[in-house]
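What follows is one structure encoded as structure tokens, with my remarks underneath.
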Amino acid sequence: MPRNNRSRRVPVMTAAFAAIALSPNAAKPTPALTTNSTTERVAEANAPPILAIVIASALDEKGTLVNPRFTFPPNEPQITAIVYVGKTNGGELKVAWYKVSEDEDGKPLDEKLFEHQIRVKSHERAFSVAKNPGGALGSGTYKVVATLEGQTKERKLDVATQAGSAGGQGKRPAAGTTGTVAQPAPAPAKTPEESCSMAARGLSNDDKDLDADTVEILSRGWCPEHFYVQVYATVMGPPKLLGAMEAGPDAPQAYFNADPCGLSGPSDLPGTRITVTTRAFDSRGDSPKEAGSLDSVITLGDDTSAPMVTVIPTPARGSFVSAGQKISLQVTAKDERTGGSWQTGVRRIWLEAQPEGLDKPDEWPNPSRLPKPCDKKTWEQDFRATYTVPRKPPPIVEICAHAEDYADNPKSNCADFATGEWRGTLREHAQGSIYNDTVIVIFSFSEERDGTIKGAARVKMESAPQTFNECKSTRTLITPEPLLFPISGKLVDDEFHLDLPTDYRLNLHVQTDCPPPRNSGTVMATRSLGMSDVFYHPKVKAQDGATNSFHKPGAIDVSGTIEIHRAKQ
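Using our numbering, you'd call the opening residue of the sequence shown number 787 and step up by one each time.
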């Protein structure tokens, strides 16, 4: 067994700690001796209920993480959140999964997908699985929020189809399995002449700490009574005391949290090596006597989290625009300090448009060739640009803002705008069963020389409470992705015949209130865009201000109207 100051890497999440057996005559370590045995003393009970959250593909049969990361392909069979539990009274851990979206103004909007409740004990790992329901997962950003005994932690992850993908298509993850597994921590072998053994390790991976913005360290001491252990950390320079713990024959453990930006030689860049020094002291007698020390190394993991990108256009996304009109774009790229991987900072922002029409400059390059650590890092960057709608634009103008970091992780956010000679509104109200919805489609189209119609539309929905089987349900539309969808059709004699896509689905939050003992709550649901064939194929006179209406009675009563106007130039 290694002794004294011999250094080695700390296995993270392996079946054993990196450990050292110490004799009373061990050599002095580098840090100066602290004689006050109560200095920053840490007890096991002081560990928070939630130590960390790690995202991976799965846990294997041995409890080892499979493909820990923060970005997943859309064909990933499942995504697993592993929650490391500290000290708890045997409470119930809640793990909620969210889709991170935006409203029409580009502001963040969290859509709850599902929630797991898991009964946990101290020092366990709880897992919550989000499964792929089949096909492709919807690309974009997701969030896992864990809550236990009043403490909340969260982690973000991305599902990306390709570099720079704006995302949004595909299916949303569904609730999978849950459970708990033990955190492996067997005691090292000891011989009779050894007075003390100790160990320190990280949490996230075999040799890396994967998630920002602190390094989580667990320390244990297999020692006789009256021994204690101090834990120090440094990047480069004098070690900083993180705290101390009692040591004993049953090897109690303590949790320490190190901010690499608060250590000597501060750096939070991926690849930074954090040296953790563990020192054992015999507190018998008039003053503590050092028994020896152990140096271990934890390396900060790779940058696998792309910057968040927001776009706030004026006029708002989804608006109708015309040739020559100016669109102002306010773009922000931001690397998250917590909730993801260790970050390198924003390196570049650039814009692309279909069709072209961006005024110069249309990109921002970081003047620094290399990433910078801690507060010197480019955590957030704003950029403004202007787009001019060209002559004879297509039905949909798309402007995309892209950003990437120094690890070449890309992220995009797009804004669409509709153009057209004709603009109008299609409404359909459906009531019956669980429905009391009014779907409103605002559209724009142009007529080609051969009478073909090409255009774009967006949808809104108004819903009133509806009672069915003694349960009252209230339905709320989630912002559709994509916001704009194409419409087609043709001019027949003096009448426009429009065609709307029959495969466009609306995602909803449904709040249901039922009398006891039946359950109430909020779930996600989907519905078709329309509830009648007339809605998908409306007809209206090719005249400015023309209207038409329709009605289909039945178990679900459907009625609607369409109105069109020639766009003002």
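Every residue gets a Cβ at the ideal spot worked out from N, C-alpha and C, and that includes glycine. None of these values were measured; they are calculated from a predicted model.
_For Val1062 and Val1017, believed in contact at Cβ under 8 Å, the rounded distance_ = As a working note, residue 1017 is residue 231 in the sequence shown. As a working note, residue 1062 is residue 276 in the sequence shown. At roughly 7 Å, the Cβ-Cβ gap stays under 8 Å, so Val1017 and Val1062 are in contact.
_Three-state secondary structure (DSSP) of Asn822_ = Your numbering for residue 822 matches position 36 in the sequence shown. Low local confidence applies: a pLDDT of 41 at Asn822 is under 50, so the model's placement there is unreliable, with the coordinate-based value given in what follows. Asn822 falls in the coil class under three-state DSSP.
_Span of the beta strand (DSSP E), counted from its first residue to its last, around Tyr884_ = Position 98 of the sequence shown, counted from the first residue, corresponds to residue 884. 878-888 is the span of the beta strand (DSSP E), which, as asked, contains Tyr884.
_C-alpha gap between Val1225 and Ala1171, whole angstroms_ = Translated into positions along the sequence shown, residue 1225 becomes position 439. Translated into positions along the sequence shown, residue 1171 becomes position 385. Straight-line Cα distance between these residues: approximately 34 Å.
*Apart from the five residues on each side of it in sequence, which residues of its chain come closer than 7 Å, Cβ to Cβ, to Gly1125?*
Along the sequence shown, one-based indexing puts residue 1125 at 339. The answer, listed in chain order, is Glu940, Arg941, Lys942.
_Taking contact to mean 3 or more Cβ pairs, one atom from each stretch, closer than 8 Å, check whether the stretch 1113-1133 and the stretch 1283-1295 are in contact._
no
*Just tell me which of Met1022, Gly1034, Ala1037, Arg1070 has its CA closest to the CA of Cys1047.*
Locating residue 1047 in the sequence shown gives position 261, where the first residue counts as 1. When each option's Cα is compared against that of Cys1047, the closest is Met1022.
_I need the DSSP call for Asp993, collapsed to helix, strand or coil._
Along the sequence shown, one-based indexing puts residue 993 at 207. Coil, per DSSP.
*Residues bridged to Glu1233 (per DSSP)*: Counted from its first residue, the sequence shown places residue 1233 at position 447. In DSSP, Glu1233 forms a bridge with Ile1239.
_Taking a contact to mean a Cβ-Cβ separation below 8 Å, would you say Val1175 touches Gly1143 in this structure?_
By one-based count along the sequence shown, residue 1175 stands at place 389. By one-based count along the sequence shown, residue 1143 stands at place 357. Result yes, Cβ atoms of Val1175 and Gly1143 sit closer than 8 Å.
*Give a yes or no on whether the C-beta atoms belonging to Val945 and Ser925 are separated by under 8 Å.*
To locate residue 945, count along the sequence shown from 1; it is residue 159. To locate residue 925, count along the sequence shown from 1; it is residue 139. For Val945 and Ser925, yes; Cβs fall inside 8 Å.
*Counting only runs of 3+ residues fully inside the stretch 852-879, write out the beta strand (DSSP E) ranges in chain order.*
864-871
*If you compare alpha carbons, which of Lys1327, Val1097, Leu1269 is closest to Glu1349?*
The residue labelled residue 1349 in the question sits at position 563 within the sequence shown. With distances taken between Cα atoms, Glu1349 lies closest to Lys1327.
*State the Cα-Cα distance for the pair His1188 and Ser1249, rounded to the nearest angstrom.*
Here residue 1188 refers to the residue found at position 402 of the sequence shown. Here residue 1249 refers to the residue found at position 463 of the sequence shown. Roughly 36 Å separates the two Cα atoms.
_Inter-residue Cα distance where the pair is Ile868 and Arg1103_ = Looking up residue 868 in the sequence shown gives position 82. Looking up residue 1103 in the sequence shown gives position 317. Approximately 37 Å, taken between the alpha carbons.
*Residue of Asn1222, Gln937, Thr1000, Ala922 minimising C-alpha distance to Lys957*: The residue you call residue 957 lines up with position 171 of the sequence shown. Closest by alpha carbon: Ala922.
*Residue from Val967, Cys1009, Trp1128, Pro859 with nearest C-alpha to Gly727*: In this structure the chain extends from 787 to 1355, so residue 727 is not present and cannot be described.
*Is there contact between the stretch 901-918 and the stretch 873-881, where contact requires at least three CB pairs shorter than 8 Å?*
yes
*Can you tell me the Cα-Cα spacing of Leu1140 and Ile1182, whole angstroms?*
As a first step, residue 1140 is located in the sequence shown; it is residue number 354 there, counting from the start. As a first step, residue 1182 is located in the sequence shown; it is residue number 396 there, counting from the start. Inspection of the sequence shows that residue 1140 is occupied by Gln rather than by Leu. If you take the alpha carbons of Gln1140 and Ile1182, they lie about 9 Å apart.
*Excluding five sequence neighbours on each side, which residues of the same chain lie with their C-beta closer than 7 Å to the C-beta of Asn822?*
Taking the sequence shown and counting its residues from 1, the one referred to as residue 822 is at position 36. Because Asn822 carries a pLDDT of 41, less than 50, the predicted location of this residue cannot be relied on, and no value is offered for it.
*Taking the Cβ atom as the reference point for each residue, do Lys1026 and Thr1085 lie within a distance shorter than 8 Å?*
In the sequence shown, counting from the first residue as 1, residue 1026 sits at position 240. In the sequence shown, counting from the first residue as 1, residue 1085 sits at position 299. No, the pair does not count as a contact, with Cβ atoms beyond the cut-off.
*Please look up how many angstroms separate the CB atoms of Ile1342 and Tyr1221, rounded, as I've assumed it's under 8 Å.*
Working through the sequence shown from its first residue, we reach residue 1342 at position 556. Working through the sequence shown from its first residue, we reach residue 1221 at position 435. Between Tyr1221 and Ile1342 the Cβ distance is about 6 Å, and since that is below 8 Å, they are a contact.
*Completely contained beta strand (DSSP E) runs for the stretch 1004-1041, where each covers 3 or more residues*: 1013-1020, 1026-1033
_Enclosing alpha helix (DSSP H) for Val1320 [first to last residue]_ = For the purposes of this step, residue 1320 is taken as residue 534 along the sequence shown, with counting starting at 1. Looking at the DSSP string, the run of the alpha helix (DSSP H) that includes Val1320 is 1319-1322.
*asked:* Here's a check: name, in chain order, each residue in its chain whose Cβ is nearer than 6 Å to the Cβ of Val1344, leaving out the five neighbours to either side.
replied: Your numbering for residue 1344 matches position 558 in the sequence shown. Contacts found: Ala1216, Met1317, Ser1318, Lys1338.
*From the DSSP output, in three-state form, read off Cys1160 for me.*
Against the sequence shown, residue 1160 aligns to sequence position 374. Three-state DSSP puts Cys1160 in a helix.
*Starting from Ile1113 and walking both ways along the beta strand (DSSP E), at which residues does that stretch end?*
Against the sequence shown, residue 1113 aligns to sequence position 327. It spans 1112-1120 - the beta strand (DSSP E) in which Ile1113 sits, taken as one unbroken run.
*Assigned secondary structure, Pro1046 (DSSP; H/G/I helix, E/B strand, else coil)*: Stepping through the sequence shown from its first residue, residue 1046 is reached at position 260. DSSP places Pro1046 in helix when its eight states are reduced to three.
*Measure the C-alpha to C-alpha separation of Ser1069 and Glu1076 and round it to an integer number of angstroms.*
Position 283 of the sequence shown holds residue 1069. Position 290 of the sequence shown holds residue 1076. Ser1069 and Glu1076: Cα-Cα distance of roughly 9 Å.
*Measure the CB-CB distance between Glu901 and Val881 and report whether it falls below 8 Å.*
In the sequence shown, residue 901 corresponds to position 115, counting from 1. In the sequence shown, residue 881 corresponds to position 95, counting from 1. Yes; because the gap between Cβ atoms is below 8 Å, this pair is in contact.
*Could you give the DSSP three-state label for Leu923: helix, strand or coil?*
Along the sequence shown, read from residue 1 onward, the residue named residue 923 stands at position 137. Correct three-state label for Leu923: strand.
*Which value, in whole angstroms, describes the spacing of the CA atoms of Asn1305 and Leu1004?*
Locating residue 1305 in the sequence shown gives position 519, counting from the first residue. Locating residue 1004 in the sequence shown gives position 218, counting from the first residue. Those two C-alpha atoms are separated by around 42 Å.
*Do you know whose CA, among Ser1232, Lys1178, Trp1128, lies nearest Lys1163's CA?*
The residue you call residue 1163 lines up with position 377 of the sequence shown. Comparing Cα positions, the closest option is Trp1128.
_Starting from Gln1140, trace the beta strand (DSSP E) in both directions and tell me its first and last residue._
If you number the sequence shown from 1, residue 1140 lands on position 354. Note, Gln1140: beta strand (DSSP E), 1132-1140.
_By alpha-carbon positions, which one of Glu935, Pro1101, Ala916 ends up nearest to Leu837?_
Looking up residue 837 in the sequence shown gives position 51. Measuring from the Cα of Leu837, the nearest candidate turns out to be Glu935.
*Looking only at its own chain, which residues have a Cβ that is under 8 Å from the Cβ of Trp1208, when we skip the five neighbours before and after it?*
Residue 1208 sits at position 422 when you count from the first residue of the sequence shown. Contacts found: Ser1230, Phe1231, Ser1232, Glu1233, Gly1241, Phe1282, Ile1350, His1351, Arg1352, Ala1353.
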